[in-house]
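Down below is the structure, laid out as structure tokens.
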Amino acid sequence: MAGLNLLRNVGGCCGRFYLPGVHQVRTALLWADWRMKKDARKRQTLADNAVMKLRYNSLRKNNALPPEIRVLGDELLKELPRDAVGIKVRARCAFTSRANGNVLKHRVSRIVYRDLADHNRLSGIQRAMW
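In my numbering, the protein residues as written are 207 to 336.
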């Protein structure tokens, strides 16, 4: 039991861990819809638990450690929230919260991207003309 508390209390000097792409864009302090709010919550949970998840996985996958410690790493990993898994985070459009057909560089859907490009609101983007 002492091993569990020791592993939980091992944290960095900073309380938060930065992951690129964690922050969602909000318009007028409101989310576009409930899906974007839910996705932002999942991103925040992932960012908060990323350091401990990395440590638990390294305990679990290290073949040099005895099996008891590896099982302990498994148990600790199962105690983390379900949203601490990176696969649950979804790339969404910052304007419409659309999940499919996103231009990841600009974080907008293809429909919004085309509209912004047509009206010359994206710097360096020009619509093809021939």
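Backbone N, C-alpha and C define an ideal beta-carbon position, used for all residues, glycine too.
This structure is a prediction, so every number in the text was calculated from the model and none was measured.
For Y319, the CB contacts under 7 angstroms within the same chain, skipping 5 residues up- and downstream, are V309, H312 in chain order.
With a beta-carbon spacing of about 4 angstroms, S315 and R304 fall inside the 8 angstroms limit used to define contacts. Using a 10 angstroms sphere on the CB of D245, the tally of other CB atoms reaches 16 or more, which defines it as buried.
Per DSSP, reduced to three states, the secondary structure at N306 is coil, with no helix or strand assignment. Along the length of the stretch 234-299, whole alpha helix (DSSP H) runs at least 4 residues long occupy 240-267, 273-285, reported in chain order. Remark: C-beta atoms of I317 and G330 do not approach each other more closely than 9 angstroms.
Boundaries of the alpha helix (DSSP H) harbouring A323: 316-324, taken from the DSSP string. Beyond the five residues adjoining it in sequence on each side, D324 comes within less than 8 angstroms, by CB distance, of R333 in the same chain, given in chain order. With contacts defined as CB atoms closer than 9 angstroms, N255 and A290 qualify as a contacting pair.
R298 is positioned such that its CB atom lies no closer than 9 angstroms to that of G279. A direct Cα-Cα distance of roughly 9 angstroms separates T251 from R288. Rounded to whole angstroms, the Cβ separation of T302 and A238 is 6 angstroms, and the two are in contact under 8 angstroms.
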